[in-house]
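Colleague: For reference, the structure I am asking about is given below.
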Amino acid sequence: MMIGHSLLAFALVATVARALDASPGRALAAGAAAGAFAAVPDMDMVYALTGFAGAEFDGVFSMTTAFWSASTVVHRSMTHSLVVAPVAALAFALVVVRGRHASRATVGGFALLGGLTVVATTLHGLLGLVVLGAFSLAGVAVAAIVRESSQLDARTTFAVAVVGLASHPFGDLFTGEPPAMLWPLDAAIFPGRVLLSADPTLHLLGAFALELAVVWAALLAFCWVTDRRPRVKPRATAGLAYGGVFFLLPPPTLDVSYHFVFSILAVGTVLAMPVAAPTRTSMAVETVRRGVAAHGVRSVTTGLAAVTLALVAYGGLYLLV
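If you read the sequence shown in the numbering used here, its first letter stands for residue 6, the second for the next number, and so on.
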């Protein structure tokens, strides 16, 4: 979902910026910054690495299970808070301040992040220190890149950072325990996961469809901002053949979804790639590279369309059979 969080923030900010008459370059820069900030809350996953310590290797799935089990200890808590988002966004924006007041602003930004880290450490001990520390460092890194690689000012950075950080937790409502959106307050906005269906497979397919819709939104926003027409190659219709996987693999759920996610994304990847006819490997690689460079947007659109048709075919068979 990390990519989905970033693409949602990009789509929202780039579209609004362009609608407000920002130049295409500025709209894309603002959208990219929002997308980068939207990924920062998932830095709390750094704690999940402790799941590998002491875990017995019994195949790839045993290790992934250990990783995700450890992640539930702190994932989607303090870094996913709507209370933290504006404070952290202000801190990151202060890092972007340029000119004679830059040093003072940066100190102020670090002071705000230090305050958040102190609160997290007081409430959660070393765990809070590690998680908020990683969150702060990642956000500062994004802010530093914005300052050095774009023309976005501190005020704009604050706005896009708020969108990125505050939109993130809403994307997690369908795939796990609801985020602690009001941390450090002991209150909850959502009592549990938002279910799209009582059937676990239909719920997964619905969540995947929402993720797919976000990717489409980001692609269409990019095309609109850059004045490109999204086109799909006819071979995308081959994605419909994926429906046959229904008879070969067990129905996926949130608990066991690897076989579905990897296979359906593989369909889109293969159909998106330019066809390389040369026999020599070097020539084939060069042909693919040039094809991607020349038809990047069309290839992405084709792959996305193939995945969409594959999902429709699979979901249709699941409902009918």
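Glycine residues also receive a C-beta, built at the ideal position from the N, C-alpha and C atoms.
The model shown is predicted, which means the values in this text are computed figures rather than measured ones.
(1) Evaluate V266 with the Cβ neighbour count: other Cβ atoms within 10 Å of its Cβ, from every protein chain shown; 16 or more gives buried, anything less gives exposed.
(2) Just verifying my parser: in three-state terms, what is the DSSP assignment at S155?
(3) Compute the Euclidean distance between the alpha carbons of G120 and V112, then round it to the nearest angstrom.
(4) Given this structure, state the Cα-to-Cα distance separating L128 from A185, to the nearest angstrom.
(5) Cutting at 6 Å between CB atoms, please list the residues of its own chain near G248, excluding the five before and the five after it.
(6) Going by beta carbon distance, what residues of the same chain come within less than 8 Å of L122, once the five residues before and after it are set aside?
(7) When you compare only the Cα positions, how much space is there between A222 and A19?
(8) So, under 8 Å CB-CB, V272 and A212 are touching, yes? Tell me the CB distance rounded to an integer number of Å.
(9) Check whether the Cβ of F179 lies closer than 7 Å to any heavy atom of the ligand ZN, and answer yes or no.
(10) On the CB-based measure, 16 or more other CB atoms within 10 Å of its CB, does E216 come out buried or exposed?
(11) For A14, tell me which candidate among V145, L131, A39, A24 has the shortest Cα-Cα distance.
(12) Flag this pair as yes or no: are the beta carbons of S82 and D49 separated by less than 8 Å?
(13) Just reading off the alpha helix (DSSP H) that W221 is part of, what are its end residues?
(14) Could you tell me the alpha carbon to alpha carbon distance between L17 and A96, rounded to whole angstroms?
(15) For the alpha helix (DSSP H) that G120 lies in, which residues bound it at each end?
(16) Distance check for G104 and G36, CA to CA, integer angstroms please.
(17) In whole angstroms, what is the alpha-carbon distance linking E153 and V147?
(18) Start and end of the alpha helix (DSSP H) containing R31?
(19) Please classify L33 as buried or exposed, where buried requires at least 16 neighbouring CB atoms within 10 angstroms.
(20) Please specify which runs of the alpha helix (DSSP H), each continuous and at least 4 residues long, are wholly inside the stretch 149 to 194, giving them in chain order.
(21) Tell me the rounded alpha-carbon separation between V88 and V102.
(22) So does the stretch 221 to 235 actually touch the stretch 162 to 173, counting three or more Cβ pairs closer than 8 Å?
(23) How far does the alpha helix (DSSP H) with P91 in it extend, from its first residue to its last?
(24) Just verifying my parser: in three-state terms, what is the DSSP assignment at D4?
(25) Please work out which residues of its chain come closer than 7 Å, Cβ to Cβ, to A298, disregarding the five sequence neighbours upstream and downstream, and give them in chain order.
Modeller: In short, the structure shows the following:
(1) Classification for V266: exposed.
(2) The answer is coil: DSSP assigns S155 none of H, G, I, E or B.
(3) Roughly 12 Å between the two C-alpha positions.
(4) A straight-line Cα-Cα distance of about 14 Å links L128 and A185.
(5) Close CB contacts of G248 within its chain, under the 6 Å cut and outside five residues either way in sequence, are with A318, Y319, L322 (chain order).
(6) Leu is not the amino acid found at residue 122; the sequence shown has Thr there. Around T122: G133, L134, L137, G138, S141.
(7) One C-alpha to the other measures close to 11 Å.
(8) Taking the Cβ atoms as the reference, V272 lies roughly 18 Å from A212, outside the contact range of under 8 Å.
(9) Of ligands this structure carries none, so the ligand ZN is not represented either.
(10) By the Cβ neighbour-count rule, E216 is buried, with 16 or more other Cβ atoms within 10 Å of its own.
(11) With distances taken between CA atoms, A14 lies nearest to A39 out of V145, L131, A39, A24.
(12) Yes.
(13) Annotation: the continuous alpha helix (DSSP H) that includes W221 extends over 205 to 230.
(14) Computed Cα separation, rounded: 22 Å.
(15) According to the DSSP assignment, G120 belongs to the alpha helix (DSSP H) that extends over 107 to 129.
(16) Inter-residue distance for G36 and G104 is about 24 Å (C-alpha atoms, whole angstroms).
(17) Rounded to the nearest angstrom, the gap between the Cα atoms of E153 and V147 is 10 Å.
(18) Where R31 is concerned, the enclosing alpha helix (DSSP H) stretches over 29 to 44.
(19) L33 should be labelled buried.
(20) As for any alpha helix (DSSP H) of minimum length 4 sitting wholly inside the stretch 149 to 194, the runs are 159 to 172, ordered along the chain.
(21) Distance between the alpha carbons of V88 and V102: 23 Å.
(22) No, the stretch 221 to 235 does not touch the stretch 162 to 173.
(23) Element bounds for P91: 89 to 101.
(24) Any property of residue 4 remains undetermined from this structure, which presents the chain solely from 6 to 326.
(25) A caution first: A298 carries a pLDDT of 44, below 50, which makes its placement in the model unreliable, though a value can still be read off. Counting only residues of its own chain and dropping the five nearest sequence neighbours on each side, A298 has no CB closer than 7 Å to any other CB.
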